[in-house]
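Data first, discussion second: the structure below is written as structure tokens.
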Amino acid sequence: MLIKTLGRVDYAATLAAMQAFTAERGPDTPDELWLCEFDPVYTQGLAGKADHILNPAGIPVVQTNRGGQVTYHGPGQVVAYPLVDLQRLGIYVREYVFRLEAAVIQTLETFGITGHRVSGAPGIYVRLDDPSSHAALTGPADPTDPFRGLGKIAALGIKISRHCSYHGVALNVGMDLQPFQGINPCGYAGLKTVDLATLRVFSDWTTVAQRFGERLAAQLTP
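Shown next, in the form of structure tokens:
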């Protein structure tokens with residue numbers, strides 16, 4: 001897999017480039033992984049509902065063709081776009097999502113943070129009271145507050161076309177988290193969003209991008 005660290009790029013141009021790469025690739029096209037950072041932008045998924053955008057406050061809202069609801073991208077976030085031929089890799093979508101989440105969990109482990117999955121809510125979460133806790137999430141979720149005690153640190157939204165993936169996963173490093181207050185993140189009202197800095201892990205974008213890229217590549221290479 002060819003890892004391309006693109007750094008700060010334009011969202012619309014990057015989306016168009018992903019779509020073009022996927023449309024033009026053939027059975028022998030090598031897989032690529034793009035690591036990006038964007039200026040502030042809200043992106044809305046195919047199933048996204050307009051009422052999940054509460055107050056964009058001048059931040060552009062871009063309609064996309066990925067799965068999921070609305071999310072926010074901004075400086076201090078590593079956005080990873082694996083452009084992978086799943087058929088050649090020999091996996092289906094559920095396994096692909098599992099591997100993306102595993103790469104996030106493995107990256108967080110290198111910083112002493114334990115990531116957790118929440119059934120039915122793709123992405124990775126951390127315990128706010130003890131971010132390093134390895135204790136499994138147990139018991140039924142509170143129906144009035146299913147994410148009580150949790151913060152979301154990585155959001156996931158993908159698109160599969162002709163067995164090939166694009167879009168991907170965003171890991172929060174050191175952001176201005178205020179724009180998340182302008183939406184229901186991933187369609188969940190009141191969901192708290194956190195970054196590594198919130199958890200008192202202070203690292204730079206390049207370091208996190210490199211670690212995340214290495215673990216994604218390991219998960220997605222035959």
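Under my numbering, residues 1 to 222 are what the sequence shown spells out, in order.
Glycine residues also receive a C-beta, built at the ideal position from the N, C-alpha and C atoms.
Item: Three-state class that DSSP yields for residue 173 in the structure shown; Value: coil
Item: Top-ranked residue by Cα proximity to residue 78, from 96, 62 and 34; Value: 34
Item: Contacts around residue 9, its chain only, beta-carbon distance under 8 Å, and the 5 residues preceding and following it disregarded; Value: 36, 37 and 38
Item: Validate contact between the region 173 to 185 and the region 81 to 88 using beta carbons, cut 8 Å, 3 pairs; Value: no
Item: Continuous alpha helix (DSSP H) stretch holding residue 84: start and end; Value: It is not in any alpha helix (DSSP H) - residue 84 carries neither H nor E in the DSSP assignment.
Item: 6 Å Cβ shell around residue 150 - same chain, five flanking residues per side excluded; Value: 125
Item: Supposed contact pair residue 183 and residue 72 - C-beta distance, whole angstroms, cut 8 Å; Value: 6 Å
Item: Rounded C-alpha distance that separates residue 3 from residue 202; Value: 24 Å
Item: Boundaries of the beta strand (DSSP E) in which residue 69 is found, first to last residue; Value: Careful: residue 69 lies outside any beta strand (DSSP E) and carries neither H nor E.
Item: Boundaries (first-last residue) of the beta strand (DSSP E) holding residue 42; Value: 41 to 44
Item: Inter-residue Cα distance where the pair is residue 61 and residue 15; Value: 14 Å
Item: Candidates 128, 1 and 50, of which the one nearest residue 70 by Cα; Value: 50
Item: Residues bridged to residue 158 [DSSP beta-bridge criterion]; Value: 167
Item: Residue of 130, 76, 188 and 86 minimising C-alpha distance to residue 165; Value: 86
Item: Buried/exposed call for residue 131, threshold 16 Cβ in 10 Å; Value: buried
Item: Proximity to residue 156 [Cα-Cα], best of 114, 43, 56 and 31; Value: 43
Item: Chain-order list of residues whose beta-carbon lies under 6 Å from that of residue 234 (same chain, five-residue window excluded); Value: The first residue shown for the chain is 1 and the last is 222, placing residue 234 beyond what the model contains.
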